[in-house]
Amino acid sequence: NNFLEIMKHINKLIIFFLVVFLYQQPLKAETYFLDFKSILNNSDAGKKANKSLKDQLDQSIKKLKDREKQLQKEEKDIIQQKKVLSPEDYKKKISGLRSKVSKLQKDRNSILETVAKKRRNARQQLIDAINPIVKSYMSEKKIKLVLDKKSILLGDDKLDITNDIMKQLNNKLKTINLK
Numbered sequence: 004n005n006f007l008e009i010m011k012h013i014n015k016l017i018i019f020f021l022v023v024f025l026y027q028q029p030l031k032a033e034t035y036f037l038d039f040k041s042i043l044n045n046s047d048a049g050k051k052a053n054k055s056l057k058d059q060l061d062q063s064i065k066k067l068k069d070r071e072k073q074l075q076k077e078e079k080d081i082i083q084q085k086k087v088l089s090p091e092d093y094k095k096k097i098s099g100l101r102s103k104v105s106k107l108q109k110d111r112n113s114i115l116e117t118v119a120k121k122r123r124n125a126r127q128q129l130i131d132a133i134n135p136i137v138k139s140y141m142s143e144k145k146i147k148l149v150l151d152k153k154s155i156l157l158g159d160d161k162l163d164i165t166n167d168i169m170k171q172l173n174n175k176l177k178t179i180n181l182k
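So the number in our numbering is just where the residue sits in the sequence shown, counting from 1, plus 3.
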């Protein structure tokens, strides 16, 4: 009976010392954050993808503007010819011009949709490449939670792992397939 009493006291002392020891240990942060937007825009693959998409869009818009100028010239020509054309010919030319303008608008929308789709695909490829990197980093550093910086009001810069993740991403993913 005395032995059981002594063991209870020893257990209480052990628990007491464990609590005191653990309480005095500095708490290690298990929540970190990264700036996902910065990784998308500033990683090597992200920069290349953004530049490529911008160049494609700029080229397409230039072609559309050239077509628009041509249509404006055609419109002026039709207006100048209005007095010499028969009403039926004038209506045919105006109708033809309207269909060309409509086609131009459809082409503009199609180009914008295509670039938006490529941008979404590029973003998804980056996400797919980043996820295993972040998971591995979390496991290695014993991190419990990683948040996107845009969700955080204030945070210690020491908890920002953006640069570490971007370095690993740059080593792993050089380019993105823009399909």
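Where a beta carbon is used, it is the ideal one built from N, C-alpha and C, also for glycine.
{"Item": "Burial state of Met10 (16 or more Cβ within 10 Å)", "Value": "exposed"}
{"Item": "Exposure of Asp92, with buried meaning 16 or more beta-carbon neighbours within 10 Å", "Value": "exposed"}
{"Item": "Contact test: Leu60 Cβ vs the ligand PLP heavy atom, cutoff 7 Å", "Value": "What this structure holds is no ligand at all, so the ligand PLP is not there to describe."}
{"Item": "Sub-8 Å separation of Leu67 and Val118 beta-carbons", "Value": "no"}
{"Item": "Assigned exposure category for Asp58 - 16 Cβ within 10 Å defines buried", "Value": "exposed"}
{"Item": "Segments assigned beta strand (DSSP E), at least 3 residues, entirely inside the region 104-161", "Value": "148-151"}
{"Item": "Residues of its chain near Asp163, where Cβ-Cβ distance is below 8 Å and the 5 sequence neighbours each way are ignored", "Value": "Tyr35, Phe36, Leu37, Asp38 and Lys152"}
{"Item": "Beta-carbon proximity check, Leu150 vs Gly49, cutoff 8 Å", "Value": "no"}
{"Item": "Counted within 10 angstroms of its Cβ, other Cβ atoms place Gln171 as buried (16 or more) or exposed", "Value": "buried"}
{"Item": "Distance, Glu33 Cα to Lys145 Cα", "Value": "7 Å"}
{"Item": "Chain-order list of residues whose beta-carbon lies under 6 Å from that of Glu8 (same chain, five-residue window excluded)", "Value": "none"}
{"Item": "Residue environment, Val87, which counts as buried when at least 16 other CB atoms sit within 10 Å", "Value": "exposed"}
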